[in-house]
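Colleague:
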Amino acid sequence: MPNLIPQERIENKILVIRRIKVMLGQDLAKLYGVEPRALMQAVKRNKERFPKDFMFQLTRQELTNLKSQFVISSWGGIRTPPYAFTEQGVAMLSSVLNSKRAIQVNIQIMRAFIKIKEMALSYSALHKKIDAMESKYDKQFKVVFDAIRQLLEPPHKSAKRILGFRGKEG
Numbered sequence: 342m343p344n345l346i347p348q349e350r351i352e353n354k355i356l357v358i359r360r361i362k363v364m365l366g367q368d369l370a371k372l373y374g375v376e377p378r379a380l381m382q383a384v385k386r387n388k389e390r391f392p393k394d395f396m397f398q399l400t401r402q403e404l405t406n407l408k409s410q411f412v413i414s415s416w417g418g419i420r421t422p423p424y425a426f427t428e429q430g431v432a433m434l435s436s437v438l439n440s441k442r443a444i445q446v447n448i449q450i451m452r453a454f455i456k457i458k459e460m461a462l463s464y465s466a467l468h469k470k471i472d473a474m475e476s477k478y479d480k481q482f483k484v485v486f487d488a489i490r491q492l493l494e495p496p497h498k499s500a501k502r503i504l505g506f507r508g509k510e511g
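This is the structure:
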């Protein structure tokens, strides 16, 4: 079955909050094609499936920090901070949302989490290789290694995502 949603759109919805990769309930609801309140009702009916390490509610400060990253707020009439679902929480959603769309979207989301993990591992391995090479060669290559490290640094836009803020809406 072809992808229902562009993979980049899903990846842009994965945030880092409290040093954990998460997706917000309202974003998941849009991806699944359900109302946010319907998603949360399904979760509340099955709350034993969603322990604190699967899902948590953002603090007001975290919500304020997220809102401050947007010029035009897309947060509309939110009165309470949204819920964030960890990778395990998103996986558990597939057991409480049984539509064909929810199942297919969930598969895409799991693949996005895996892709992000693989990219992080590759980045880490590359840094280790450069460090090892630098220790073998004399100082005349320092400029080369410094240039390579600079190229490996994420652009300033990505720094926001590392802090837990969204990338460009997709």
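If you count by this note's numbering, then the sequence shown holds residues 342 to 511, one letter each, in order.
Where is the CB? At the ideal position from N, CA and C, for every residue including glycine.
Comparing alpha-carbon positions, which option in Val357, Gly366 and Gln449 lies nearest Pro347?
Modeller: Here the closest residue by C-alpha is Gln449.
Colleague: Would you kindly report the start and end of the unbroken alpha helix (DSSP H) that includes Leu380?
Modeller: Pro377 to Arg386 is the span of the alpha helix (DSSP H), which, as asked, contains Leu380.
Colleague: On a CA-only basis, which of Lys470, Phe391, Arg490 and Leu345 is nearest Ser436? Give me that one, please.
Modeller: Of the listed residues, the one whose Cα sits closest to Ser436 is Phe391.
Colleague: Decide if the region 362-377 is in contact with the region 467-476; the criterion is three or more beta carbon pairs, one per stretch, under 8 Å apart.
Modeller: Not touching, per the Cβ criterion.
Colleague: Please go through the same chain and pick out, in chain order, the residues whose beta-carbon is closer than 6 Å to the beta-carbon of Tyr424, but skip the five residues on each side of it.
Modeller: Excluding positions up to five away in sequence, the list reads Gly366, Met396 and Gln398.
Colleague: With 16 as the cutoff for other CB atoms within 10 Å, does Lys354 come out buried or exposed?
Modeller: By the neighbour-count rule (16 or more Cβ atoms within 10 Å), Lys354 is buried.
Colleague: Helix, strand or coil: which one does DSSP assign to Lys477?
Modeller: Note: Lys477 maps to helix in three-state DSSP.
Colleague: Figure out for me which residue from Lys458, Lys441 and Gln491 has the closest Cα to the Cα of Val357.
Modeller: Of the candidates Lys458, Lys441 and Gln491, the one whose C-alpha sits nearest the C-alpha of Val357 is Lys458.
Colleague: Which word fits Phe454, buried or exposed, when buried means at least 16 other C-beta atoms lie within 10 angstroms of its C-beta?
Modeller: Flag for Phe454 reads buried.
Colleague: Is it true that the CB of Met364 sits closer than 9 Å to the CB of Val446?
Modeller: Their beta carbons are not under 9 Å apart, which means Val446 does not touch Met364 by this criterion.
Colleague: Cβ atoms of Glu352 and Lys456: under 9 Å apart, would you say?
Modeller: Contact flag set, yes.
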